[in-house]
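A.B. asks:
Number of protein chains: 2
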Amino acid sequence: MNVYGNRITRLIEEFTKLPGIGGKSAQRLAFYIINQPLAKAEALSDAILDAKRNVVHCSVCCSLTDSDPCVICSNESRNRHVIMVVEDPRDLAAYERTNNFKGLYHVLHGALSPMNGVGPNDLKLKELLGRIDKDGAQELIIATNPNVEGEATAMYIRNLIKPLGVKVTRIAHGVPVGGDLEYVDEVTLSRALEGRRDM
Amino acid sequence: MNVYGNRITRLIEEFTKLPGIGGKSAQRLAFYIINQPLAKAEALSDAILDAKRNVVHCSVCCSLTDSDPCVICSNESRNRHVIMVVEDPRDLAAYERTNNFKGLYHVLHGALSPMNGVGPNDLKLKELLGRIDKDGAQELIIATNPNVEGEATAMYIRNLIKPLGVKVTRIAHGVPVGGDLEYVDEVTLSRALEGRRDM
Numbered sequence: 100m101n102v103y104g105n106r107i108t109r110l111i112e113e114f115t116k117l118p119g120i121g122g123k124s125a126q127r128l129a130f131y132i133i134n135q136p137l138a139k140a141e142a143l144s145d146a147i148l149d150a151k152r153n154v155v156h157c158s159v160c161c162s163l164t165d166s167d168p169c170v171i172c173s174n175e176s177r178n179r180h181v182i183m184v185v186e187d188p189r190d191l192a193a194y195e196r197t198n199n200f201k202g203l204y205h206v207l208h209g210a211l212s213p214m215n216g217v218g219p220n221d222l223k224l225k226e227l228l229g230r231i232d233k234d235g236a237q238e239l240i241i242a243t244n245p246n247v248e249g250e251a252t253a254m255y256i257r258n259l260i261k262p263l264g265v266k267v268t269r270i271a272h273g274v275p276v277g278g279d280l281e282y283v284d285e286v287t288l289s290r291a292l293e294g295r296r297d298m
Numbered sequence: 100m101n102v103y104g105n106r107i108t109r110l111i112e113e114f115t116k117l118p119g120i121g122g123k124s125a126q127r128l129a130f131y132i133i134n135q136p137l138a139k140a141e142a143l144s145d146a147i148l149d150a151k152r153n154v155v156h157c158s159v160c161c162s163l164t165d166s167d168p169c170v171i172c173s174n175e176s177r178n179r180h181v182i183m184v185v186e187d188p189r190d191l192a193a194y195e196r197t198n199n200f201k202g203l204y205h206v207l208h209g210a211l212s213p214m215n216g217v218g219p220n221d222l223k224l225k226e227l228l229g230r231i232d233k234d235g236a237q238e239l240i241i242a243t244n245p246n247v248e249g250e251a252t253a254m255y256i257r258n259l260i261k262p263l264g265v266k267v268t269r270i271a272h273g274v275p276v277g278g279d280l281e282y283v284d285e286v287t288l289s290r291a292l293e294g295r296r297d298m
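As given, the protein sequences belong to chains P and X, one line each in that order. Quick note on our numbering: the first sequence kicks off at 100 and runs consecutively. Quick note on our numbering: the second sequence kicks off at 100 and runs consecutively.
1) For the region 248–267 of chain P against the region 210–219 of chain P, are there 3 or more C-beta pairs whose distance is under 8 Å?
2) Given Glu248 (chain P), which residues of its chain have a CB within under 7 Å of its CB, disregarding the five upstream and five downstream residues?
3) Between which two residues does the beta strand (DSSP E) harbouring Thr268 (chain P) extend?
4) Using the beta-carbon of each residue, which ones in chain X are nearer than 7 Å to Asn105 (chain P)?
5) Is Thr164 (chain P) helix, strand or coil when you go by DSSP?
6) The region 125–148 of chain P: which residues have C-beta closer than 8 Å to a C-beta of chain X, in chain order?
7) If we cut at 8 Å on Cβ distances, does Gly202 (chain P) have a partner in chain C?
8) Would DSSP call Arg296 (chain P) helix, strand or coil?
9) Reducing DSSP to helix, strand and coil, say where Tyr103 (chain X) ends up.
10) Check each candidate in X:Asp279, X:Leu239, X:Gly278 and name the one with the smallest Cα separation from Lys261 (chain X).
11) Which residues share a DSSP beta bridge with Tyr204 (chain P)?
12) DSSP three-state label for Ser212 (chain X), please.
13) Tell me whether the region 120–130 of chain P and the region 117–132 of chain X touch, counting them as touching only if at least three CB pairs, one residue from each stretch, are closer than 8 Å.
14) Quick one: list the residues of chain P neighbouring Asn199 (chain X), beta-carbon separation under 9 Å, in chain order.
15) Under 8 Å, Cβ to Cβ, is there at least one residue of chain X near Leu239 (chain P)?
16) Comparing the C-beta of Arg179 (chain P) with each C-beta of chain X, is any distance below 8 Å?
17) With 8 Å set as the bound, which would you pick, yes or no: does the beta-carbon of Gly119 (chain P) sit closer than that to a beta-carbon of chain X?
18) Does Lys223 (chain P) pass the burial test, meaning 16 or more other C-beta atoms within 10 Å, or should it be called exposed?
19) What is the DSSP secondary structure of Ile120 (chain P), reduced to helix, strand or coil?
20) For chain P, check one thing: does any of its Cβ atoms lie closer than 8 Å to the Cβ of Pro188 (chain X)?
21) Tell me which residue opens and which closes the alpha helix (DSSP H) that Arg171 (chain P) is part of.
22) Where do the N-terminal and C-terminal ends of the beta strand (DSSP E) with Leu239 (chain X) fall, by residue?
23) How many angstroms separate the CA atom of Ala150 (chain P) from the CA atom of Ile182 (chain P)?
24) Would you call the region 145–161 of chain P in contact with the region 154–171 of chain X, where contact means no fewer than 3 C-beta pairs closer than 8 Å?
25) Are the CB atoms of Tyr194 (chain X) and Ala242 (chain X) within a distance shorter than 8 Å?
26) Is it true that the CB of Val206 (chain P) sits closer than 8 Å to the CB of Leu90 (chain P)?
27) When DSSP labels each residue in this structure, what does Asn178 (chain X) get in the three-state scheme?
28) Measuring only between beta-carbons, confirm whether Glu233 (chain P) sits less than 8 Å from chain X.
29) Going by DSSP in three states, Val155 (chain X) sits in which element: helix, strand or coil?
30) In three-state DSSP terms, what is Val217 (chain X)?
31) Taking 8 Å as the threshold (beta carbon to beta carbon), is Glu195 (chain X) in contact with chain P?
32) Have a look at Asn198 (chain X) and Arg179 (chain X) and give me their C-alpha separation to the nearest angstrom.
33) Can Glu113 (chain P) and Ala146 (chain X) be called in contact, C-beta distance under 8 Å?
34) Can you tell me the Cβ-Cβ gap for Val184 (chain P) and Leu227 (chain P), rounded? I've got them flagged as a contact below 8 Å.
35) Count the other CB atoms within 10 Å of the CB of Gly229 (chain P); is the residue buried (16 or more) or exposed (fewer)?
36) Does Cys172 (chain P) have its Cβ less than 8 Å from a Cβ in chain X?
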C-alpha cells in the first residue's frame, strides 16, 4: 500500500536501510525532512555525498580521514614510537576523548572472526607491519575489544609482532570505574584480582 | 575535538539534527554510509532531495503527496460524502492500513495547543470548511488523537461544523483490542463503560 506516493515511500525505504532505523523511525525522519526548509534537506544530502566521496583511509594509521595523513598522524607533537592498535575509528575516538594518550594509532577495521569469515588478510595487519619497520616503534598497545574476537586478535598480533623485538602490551582488564562490584561478572572480577597493583 | 576530520564530523552533526538520533547513533550512521558503495549513498542523498523538492500538500485533503490531488482524493471509488479528520499524514496511513475506511480524509497538520502557540489559524481548518461547502459532505468523523490537544481540537471542529448541518462523529474511546484490562487506565475504562454496546 502506498498512501504517501512514490517519493515519500522511497525516502522511507532508504532510511529503513540504515542500521538501527526501523519502519516507524524511518517514517518520522522522512516527514521531518519534508517539513524542514529546503536548505536543511540540501545540507544533509550534501554532507552524505561529500563524506562518502572524500573520506579515505589514512595511509599511515588506516583510520578514516578527509586529509591524508590524518590529523593525528600528521601531528608532530605526538609520540611516534608508541602505537595503539584498535579495531575501529570509533575506538580511536573513544581513546582521544580521554586526552590521556599521546602516541599514534593503528586501525584494524575489524577483528579476527573465523565464524564470520574474517581472517588476518581482512585486517590492516600488513600496514601495521610496514609501519613498525619504518617508524621504529618501541611499544605496541593492543586495545582491541575485550571479547572473544578482540582477545584472539590481540593474541594473533602479539605472536606476529613480538619476534620483531617490539614491546607488546594489552590494555588492562578490571572493574569499570563507577561500577558496582555486585554487578560485575566473574571473569572480570578474576581479571581484576590478577591485575591488582600496589597502592 | 575533531579526530575524524571535517567531513565526517559534518555528516555526524547533520544526522544529530534529525529527531530521535543521538550522538552515538549519528556516528554509527555516518560510518555506515562511508563504508557503503557510493551508489547507496547517492540513492539516499537523492531520495532526500527528491522528496523535499517534489512533495506538496494535496490541494483537497492537505495530506502530503507528490501528485496533486493525492491518490486517495483522486480515487473515484471512494465515498466523497464522508470525511475523516486526522492530525497528521501518519494517522491517515494508520487508518488506511485497517482497510476499513472508504471515505476521504482531511489532514489538519497539528492540533490546537495554546501552550505551544498553535491556534485555529495554524491548522488546515479553512480548507476543511471550503471542502464541506463544495463537496456536499454528509458526515465528518473526527479522528484526532485521544489526548488533551486532540480532544480540544475535536470539540472546536464540532462547534464549527455542526451549525452547517453536517453530522459530526468522533471515533470511539475504549479498551484496546488485545489489551489487558488490568493495565488500562481509569479514564479509558470509564469511557469504555459509557460507550458500551448491545451484543
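We treat Cβ as the ideally placed atom computed from N, Cα and C, and that holds for glycine. Bear in mind that the values here come from a model prediction, so they are computed numbers and not experimental data.
C.D. replies: Let me lay it out:
1) yes
2) Along the first sequence, one-based indexing puts residue 248 (chain P) at 149. Excluding positions up to five away in sequence, the list reads Ala210, Leu211, Ser212.
3) Position 169 of the first sequence holds residue 268 (chain P). Unbroken beta strand (DSSP E) run through Thr268 (chain P): 266–269.
4) Counting from 1 along the first sequence, the entry for residue 105 (chain P) is found at position 6. Residues of chain X passing the Cβ test: Asp165.
5) Position 65 of the first sequence, counted from the first residue, corresponds to residue 164 (chain P). Thr164 (chain P): strand per DSSP, three-state reduction.
6) If the cut-off is 8 Å between Cβ atoms, the region 125–148 of chain P has Gln126, Arg127, Leu128, Ala129, Phe130, Tyr131, Ile132, Ile133, Gln135, Leu137, Lys139, Ala140, Glu141, Ala142, Leu143, Ser144, Asp145, Ala146, Ile147, Leu148 near chain X.
7) Of the protein chains in the structure, P and X, none is chain C.
8) Locating residue 296 (chain P) in the first sequence gives position 197, counting from the first residue. Coil at Arg296 (chain P), not helix or strand.
9) The sequence position of residue 103 (chain X) within the second sequence is 4, counting from 1. Three-state result, Tyr103 (chain X): coil.
10) Mapped onto the second sequence, residue 261 (chain X) falls at position 162. Comparing Cα positions, the closest option is X:Leu239.
11) To locate residue 204 (chain P), count along the first sequence from 1; it is residue 105. P:Met183.
12) By 1-based counting over the second sequence, the position of residue 212 (chain X) is 113. Note: Ser212 (chain X) maps to strand in three-state DSSP.
13) yes
14) Stepping through the second sequence from its first residue, residue 199 (chain X) is reached at position 100. Simply none; closest approach about 13 Å.
15) In the first sequence, the residue the question calls residue 239 (chain P) occupies position 140. No - not a single Cβ of chain X is within 8 Å of the one on Leu239 (chain P).
16) Mapped onto the first sequence, residue 179 (chain P) falls at position 80. For Arg179 (chain P), the answer is no, since every Cβ of chain X falls outside 8 Å of its Cβ.
17) Position 20 of the first sequence, counting from 1, holds the residue named residue 119 (chain P). Taking Cβ atoms only, chain X reaches closer than 8 Å to Gly119 (chain P), which makes this a yes.
18) The count along the first sequence starts at 1 and reaches residue 223 (chain P) at position 124. Looking at its Cβ environment, which holds 16 or more other Cβ atoms inside 10 Å, Lys223 (chain P) is buried.
19) What you label residue 120 (chain P) is simply residue 21 of the first sequence in a count that begins at 1. Looking at Ile120 (chain P) - three-state DSSP - the assignment turns out to be coil, as it is neither helix nor strand.
20) Working through the second sequence from its first residue, we reach residue 188 (chain X) at position 89. Chain P contact via Cβ: present.
21) What you label residue 171 (chain P) is simply residue 72 of the first sequence in a count that begins at 1. In the sequence as displayed, the identity of residue 171 (chain P) is Ile instead of Arg. Premise fails: Ile171 (chain P) is in no alpha helix (DSSP H) and is neither H nor E.
22) On the second sequence, position 140 is the one that residue 239 (chain X) refers to. First-last of the beta strand (DSSP E) with Leu239 (chain X): 238–241.
23) To locate residue 150 (chain P), count along the first sequence from 1; it is residue 51. To locate residue 182 (chain P), count along the first sequence from 1; it is residue 83. Inter-residue distance for Ala150 (chain P) and Ile182 (chain P) is about 27 Å (C-alpha atoms, whole angstroms).
24) By the Cβ test, the region 145–161 of chain P is not in contact with the region 154–171 of chain X, since fewer than three Cβ pairs between them sit closer than 8 Å.
25) Numbered from 1 along the second sequence, position 143 holds the residue referred to as residue 242 (chain X). Numbered from 1 along the second sequence, position 95 holds the residue referred to as residue 194 (chain X). Yes, they are a contact pair.
26) With chain P covering 100 to 298 only, the question about residue 90 (chain P) has no answer from this structure.
27) Within the second sequence, residue 178 (chain X) is the residue found at index 79, counting from 1. Reduced to three states, the DSSP call for Asn178 (chain X) is strand.
28) On the first sequence, position 134 is the one that residue 233 (chain P) refers to. According to the sequence provided, residue 233 (chain P) is Lys. The question's Glu does not apply to it. No, because no Cβ of chain X sits closer than 8 Å to the Cβ of Lys233 (chain P).
29) Numbered from its first residue, the second sequence carries residue 155 (chain X) at position 56. Strand at Val155 (chain X).
30) Counted from its first residue, the second sequence places residue 217 (chain X) at position 118. Strand.
31) In the second sequence, counting from the first residue as 1, residue 195 (chain X) sits at position 96. Closer than 8 Å to some Cβ of chain P, the Cβ of Glu195 (chain X) qualifies, so yes.
32) Sequence index remark: in the second sequence, residue 198 (chain X) carries index 99 (1-based). Sequence index remark: in the second sequence, residue 179 (chain X) carries index 80 (1-based). Rounded to whole angstroms, Asn198 (chain X) to Arg179 (chain X) spans 16 Å at the Cα level.
33) The count along the first sequence starts at 1 and reaches residue 113 (chain P) at position 14. The count along the second sequence starts at 1 and reaches residue 146 (chain X) at position 47. Cβ distance < 8 Å, so Glu113 (chain P) and Ala146 (chain X) count as in contact.
34) Position 85 of the first sequence, counted from the start, is the residue given in the question as residue 184 (chain P). Position 128 of the first sequence, counted from the start, is the residue given in the question as residue 227 (chain P). With 8 Å as the limit, Val184 (chain P) and Leu227 (chain P) qualify as a contact, their Cβ atoms being about 7 Å apart.
35) Here residue 229 (chain P) refers to the residue found at position 130 of the first sequence. Classified as exposed, Gly229 (chain P) has fewer than 16 neighbouring CB atoms from the shown chains inside 10 Å of its CB.
36) As a first step, residue 172 (chain P) must be located in the first sequence, where it is residue number 73. False, the Cβ-Cβ gap to chain X never drops below 8 Å.
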